[in-house]
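Student: Got a structure for you, questions after.
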Amino acid sequence: MAAERAARVGTTTALLILVVGAVVVYGLDQLSKFIVVTNLAEGEVVPVLGNVLQWQFVRNPGAAFSLASGMTWIFTILAAAVITFIVWFARRIRSIAWALVFGLLLGGVLGNLTDRLLREPSFGLGHVIDFVSTPWLIPAIYNVADMAIVSSMVLFMILTIRGVGLDGTRDSKRVDAAEGATAGGAGAAAPGS
Numbered sequence: 000m001a002a003e004r005a006a007r008v009g010t011t012t013a014l015l016i017l018v019v020g021a022v023v024v025y026g027l028d029q030l031s032k033f034i035v036v037t038n039l040a041e042g043e044v045v046p047v048l049g050n051v052l053q054w055q056f057v058r059n060p061g062a063a064f065s066l067a068s069g070m071t072w073i074f075t076i077l078a079a080a081v082i083t084f085i086v087w088f089a090r091r092i093r094s095i096a097w098a099l100v101f102g103l104l105l106g107g108v109l110g111n112l113t114d115r116l117l118r119e120p121s122f123g124l125g126h127v128i129d130f131v132s133t134p135w136l137i138p139a140i141y142n143v144a145d146m147a148i149v150s151s152m153v154l155f156m157i158l159t160i161r162g163v164g165l166d167g168t169r170d171s172k173r174v175d176a177a178e179g180a181t182a183g184g185a186g187a188a189a190p191g192s
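Taking numbering that gives the first Met the number 0, the leading residue of the sequence shown gets 0, the next gets one more, and so forth.
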């Protein structure tokens, strides 16, 4: 009974973190894109920190680095599939770190999907608004949604490498607990034999 209640509390907290993370990322993404579209001309470059950080308004019909720009509809379908998976999968998450991974991913994918659905040239084929340029670091122009997606993937790799499960426990602790339960069960059976 107490374990079930603790699991529900963990799931509720994780879901709350996931939703809040997604809403914050989505809100920042859409607000920043609105500001860019209303204040910059397409192609305009505004130095923020010289060549370290610049705003450069572009409309991206493709994926990262404008790859597959003629296949916008495929990215729309993939984004919808990712969102559907996260919503379906979310109830299994009990770890705050994993909730953050999926919250960042959900907010980022929703931000770019909104562009693909609602921006020109047409529904489902819209171009994503990109504006953050760091020419010294990577030769790409990106947005808040892209940064959230990349951050979620970095956190995903860290948690996976460290062996952190969706419930927040590490693989080594789960193995130790299983071995302890097995040894305890065998030890309890031995005296009665």
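We put the CB at the ideal spot given by N, CA and C, even for glycine. These numbers were taken from a predicted model, which means no experiment stands behind them.
According to DSSP, is F122 part of a helix, a strand, or is it coil?
Tutor: Residue state, collapsed to three classes: coil.
Student: Any idea if L238 is buried or exposed, counting beta-carbon neighbours within 10 angstroms, 16 or more meaning buried?
Tutor: Given a span of 0 to 192 for the chain in the structure shown, any question on residue 238 remains unanswerable.
Student: Cβ atoms of V18 and S132: under 9 Å apart, would you say?
Tutor: Cβ atoms of S132 and V18: not closer than 9 Å.
Student: Please look up how many angstroms separate the CB atoms of V22 and G107, rounded, as I've assumed it's under 8 Å.
Tutor: The Cβ separation is near 12 Å, so there is no contact.
Student: How far does the alpha helix (DSSP H) with R58 in it extend, from its first residue to its last?
Tutor: It is not in any alpha helix (DSSP H) - R58 instead sits in the beta strand (DSSP E) that spans 53-59.
Student: Helix, strand or coil for R93 per DSSP?
Tutor: Looking at R93 - three-state DSSP - the assignment turns out to be coil, as it is neither helix nor strand.
Student: Just the C-alpha distance for P120 and V163, rounded to the nearest angstrom, thanks.
Tutor: Each residue's alpha carbon lies about 43 Å from the other.
Student: For a test of the three-state rule: what should DSSP assign to I140, helix, strand or coil?
Tutor: Strand at I140.
Student: Counting only the same chain and skipping the five closest in sequence on each side, list residues whose C-beta sits under 6 Å from that of R115.
Tutor: Contacts found: T75, G125.
Student: Are there 16 or more other CB atoms within 10 angstroms of the CB of D170, so buried, or fewer, so exposed?
Tutor: When all chains shown are included, D170 counts as exposed.
Student: Pull up the CB-CB distance for V24 and A144, whole angstroms please, since I reckon it's below 8 Å.
Tutor: Confirmed, about 7 Å.
Student: Mapping the DSSP letters down to three states, classify V127 as helix, strand or coil.
Tutor: Looking at V127 - three-state DSSP - the assignment turns out to be strand.
Student: For the beta strand (DSSP E) holding P46, just list the boundary residues, first then last.
Tutor: 44-46 is the extent of the beta strand (DSSP E) around P46.
Student: Considering only residues of the same chain and omitting the five flanking positions on each side of L39, which have a CB-CB separation below 6 Å?
Tutor: Here the set comprises F56.
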